Structure formats: structure tokens, C-alpha cells
Amino acid sequence: MHWGVEVAEDTFGKGFLYEEEYATIFPAVEAAANLCESIADNKANTASSKADDTPVTSIFLARLRNLQSQTWLRTEEDLVNVTEDQKSRLETVLNQSITVQKLPLPSLETKRFWTIDPIDGTKGYLRGGQYAICVALVVDQEVQLAFIACPRLPTSLSDSLATLFVAIRSLGVLEMSFSDGGHRRLGFGLRSSSQTQPILAESYESNHTDHQFSETFSRALNLSKETIRMDSQCKYGIVARGDAHIYLRRPTKPGYTERIWDHAPGVLIVEEAGGTVTDFEGKRIVFAPEAALSRAGGILATNLPTGHSTVLTVLQAIKHSN
14 MHWGVEVAED TFGKGFLYEE EYATIFPAVE AAANLCESIA DNKANTASSK
64 ADDTPVTSIF LARLRNLQSQ TWLRTEEDLV NVTEDQKSRL ETVLNQSITV
114 QKLPLPSLET KRFWTIDPID GTKGYLRGGQ YAICVALVVD QEVQLAFIAC
164 PRLPTSLSDS LATLFVAIRS LGVLEMSFSD GGHRRLGFGL RSSSQTQPIL
214 AESYESNHTD HQFSETFSRA LNLSKETIRM DSQCKYGIVA RGDAHIYLRR
264 PTKPGYTERI WDHAPGVLIV EEAGGTVTDF EGKRIVFAPE AALSRAGGIL
314 ATNLPTGHST VLTVLQAIKH SN
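Numbering-wise (this note's numbering), the sequence shown opens with residue 14 and increments by one.
In C-alpha cells:
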């Protein structure tokens, strides 16, 4: 898997905003994807955890420390002490010597921090389904830079597997092919208009979202196309590029609070493709420097010419009737 960093200039322009951060994180995303797939390809490995015994987050720690600015990190994976054997393998993947140390957690006053989910969709990864490597830079409670690498998701550019989505706020979103570096900008005006019937995407696992609620929602909107059930934030990616048009996530557990790393990259990917992401009350998602999102109750992402409000109205009617 390889992409050239230089292709970003075709979309974002030379000297684009957050170019240093992009150039620093891009190789880490690629290395993490390579590491995850190489472990999955090892048939002798019967891993029941995320990626062998090597914390994938360590790859990003090694890169983030190269940034000139002070770095805080909010991550899904707990970083354990890395052994010398693990460190040696990471150095082989990165092709450089590294020092692996924890980065500080952001405080409530932190204005700028990173959030990482090193393997989003663990169950999908282990069963041979979809998973994603998700990274976002948050500044003043808004995502500014986002990466979602989907090593098993076919690209819309060719028949090859593996897709990377990258977005920078106000500059757009880019889809890249892992294998050959092919790339294109995503957005309404750049999409085929042949698909007229909206398609719903939701979590594969029934304990991650309320499938019965989604069925009621689909009937209310007269959605005739089959729902796409998929692990990880790859769902945000397929909404951004138009394979699906609505992503619905309604927690199955009362009082469940969404986690920041499960949505931060995906929200920017969809927004920069021309879509909208809100909670079930129609409020924008705020990414404060805490692990939990400030509001629970569900996430709705749409990327439709008819807009977000029509779908939201139907959703709210169903929610309040239950």
C-alpha cells in the first residue's frame, strides 16, 4: 500500500493549511494500515485483540512527536508499556528509530488536540470485514484535519481494494487508492447523479445501533434499497462518496455516550463532501477535549441534494412517537 503525499496538492493547493500535520501523519496512517493487514494475513496469528500485541497507537506517537507544536492526544486505545521486541517491529514498519512515550491528555482548556482510533471496528477487523484507521486534529472544538484509512474498502476509482479519505476544513475531501495513488475530490457537483433512491448505512453489529429503529426509519422514508451494514467509520466514507446517502446511529443502551474518536474524522469527511452531520435534535457535533461527546441520543449524517432537514424531521417524528 502506498500513496504519494504530493497528491494532496492537486486538491488542497500548494502550501495548504495544516500541510506540516498532513505530511507528518500521512506516513503513520500508511504504516498502521500496512501493519494491521500484515498481521491479518499471518494465518498463524489467532489474535483476539486489536493488532497482535503491538499498540498501533505507538506508530502515531512516534510521528506526532515530530511536530513543532505542543501535542495532546485523546485516543481509544490504551497505550501499554512497549517492549523492546515491539519497539523493534515498529521501527521496521516505520523504517526509522523511534522513542515511544505517552503524550499528555488534553485538559478542558486545551484548544488543539489529536484524536485517534487505531483500529475502528475491531470485530470487523477480526472477522475479515471492514475496519478503519481514524485520525483527526481538533482545534477550538471543530475538526480541522481528518484521515480515514479503510484497507478493505474498494475504491470508487478502480476495482482495487483499500481506500483513504482525507479532509481539511474549507479545502475539501479527497479519496485515494491505496494501490496506485489514484485520487479524486468528493462532493455533490463531482458525483454521478444516476442514483436517485437514497441508501441507508448503519453499523453491522446490532449492539452498536438499533436495527429495529432503523427499519422503522427506512419504512417512513420509503427507502427501497437494501441497507448497507458495515463496521467502522468506513460508513462516513461511503456517505461522502455517494455509495450511501444516510448514516444512522442510535445507541441500543439507555444513557450511552458516544466517544469522540468514533466520529471526529467521519464528521469532517462528510461535511467537506457537502453533507451534514448532527445529533437527533439537529444540533452540530461539538468536539470538546473530553473522551465523551457532550450529547448522546444518536448521530445522523446525510449527503443528499434534498438536504438534511427532511430526513431529520422524519427521524424526530419516529423518535418522539416511541
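In this text, a Cβ means the ideal position worked out from N, Cα and C, and glycines have one as well.
Bear in mind the structure is a predicted one, so any value in this text is a computation, not a measurement.
C-beta neighbour in chain D for A44, strict 8 angstroms: Of the protein chains in the structure, only one exists, and it is not chain D.
Assigned secondary structure, V186 (DSSP; H/G/I helix, E/B strand, else coil): Three-state DSSP puts V186 in a strand.
Boundaries (first-last residue) of the alpha helix (DSSP H) holding A339: This structure cannot speak to residue 339, because the chain is shown only from 14 to 335.
Buried versus exposed call for P117 [16 or more other C-beta atoms within 10 Å across all chains shown]: Looking at its Cβ environment, which holds fewer than 16 other Cβ atoms inside 10 Å, P117 is exposed.
Buried versus exposed call for S120 [16 or more other C-beta atoms within 10 Å across all chains shown]: S120 counts as exposed, since fewer than 16 other C-beta atoms from the protein chains shown sit within 10 angstroms of its C-beta.
Strand pairing of F191, partner residues [DSSP]: Note: F191 sits in no beta bridge, so no partner.
The beta strand (DSSP E) enclosing Y260, as first and last residue numbers: It spans 259 to 262 - the beta strand (DSSP E) in which Y260 sits, taken as one unbroken run.
Buried or exposed (CB count within 10 angstroms, at least 16 for buried), L328: Looking at its Cβ environment, which holds 16 or more other Cβ atoms inside 10 Å, L328 is buried.
P131: first and last residue of the uninterrupted alpha helix (DSSP H) it sits in: That residue, P131, is in no alpha helix (DSSP H); its beta strand (DSSP E) goes 125 to 133.
Secondary structure of V290, DSSP reduced to three states: DSSP places V290 in the strand class (E or B) of the three-state scheme.
L48: first and last residue of the uninterrupted alpha helix (DSSP H) it sits in: From DSSP, the alpha helix (DSSP H) with L48 extends over 32 to 54.
DSSP state of V20 mapped onto helix, strand, coil: For V20, the secondary structure class from DSSP, reduced to helix, strand or coil, is helix.
Straight-line Cα distance separating F25 from E198: Sequence inspection shows Arg at residue 198; the Glu mentioned does not correspond to that position. If you draw a straight line from the Cα of R198 to the Cα of F25, it comes to about 10 angstroms.
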